[in-house]
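So the sequence shown is numbered by numbering that gives the first Met the number 0: it starts at 0 and just counts up by one. Cβ coordinates follow ideal geometry from the N, Cα and C atoms, glycine included. Please read all numbers here as calculations on a predicted model, not as lab measurements.
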Amino acid sequence: MTKENCLIVHVAGRQLDLLRGEASRIAKESKIDWWIDRADIGARFCFEDAKAKEAFALTCDNFGIPCRDG
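#1: Among residues of its own chain, excluding the 5 on either side of I7, which ones have a beta-carbon nearer than 6 Å to its beta-carbon?
#2: Within 10 angstroms of the Cβ of K52, are there 16 or more other Cβ atoms? Answer buried if so, exposed if not.
#3: According to DSSP, is I35 part of a helix, a strand, or is it coil?
#4: Using three-state DSSP, classify A42 as helix, strand or coil.
#5: Assuming L17 contacts F62 (C-beta within less than 8 Å), just tell me the rounded distance between them.
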């Protein structure tokens with residue numbers, strides 16, 4: 000699986016659940032697939048296209064959750 004459209008976030012618990020829901024919503028609206036992997040530190044959210052990744056990054060920003068390319 001490619002990691003070019005992935006973001007790493009450092010969250011756990013309810014915040015992680017919240018981001019999973021948002022990733023699912025974004026992917027469904029874009030009619031694409033997404034997945035989550037463990038990263039060295041945090042969770043890696045990956046999307047099939049760059050637009051969905053950008054939308055997810057904005058969502059993270061809106062919730063005050065830092066993310067980085069991964």
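Quick answer:
#1: Numbered from 1 along the sequence shown, position 8 holds the residue referred to as residue 7. The answer, listed in chain order, is A38, G41, R43, R67 and G69.
#2: The residue you call residue 52 lines up with position 53 of the sequence shown. Here K52 is buried: its Cβ has 16 or more other Cβ atoms, across all protein chains shown, within 10 Å.
#3: Along the sequence shown, read from residue 1 onward, the residue named residue 35 stands at position 36. Three-state DSSP puts I35 in a strand.
#4: Start at 1 with the first residue of the sequence shown, and residue 42 comes out as number 43. Residue state, collapsed to three classes: strand.
#5: On the sequence shown, residue 17 is found 18 positions in, with the first residue counted as 1. On the sequence shown, residue 62 is found 63 positions in, with the first residue counted as 1. Indeed they touch by this definition, with Cβ atoms about 7 Å apart.
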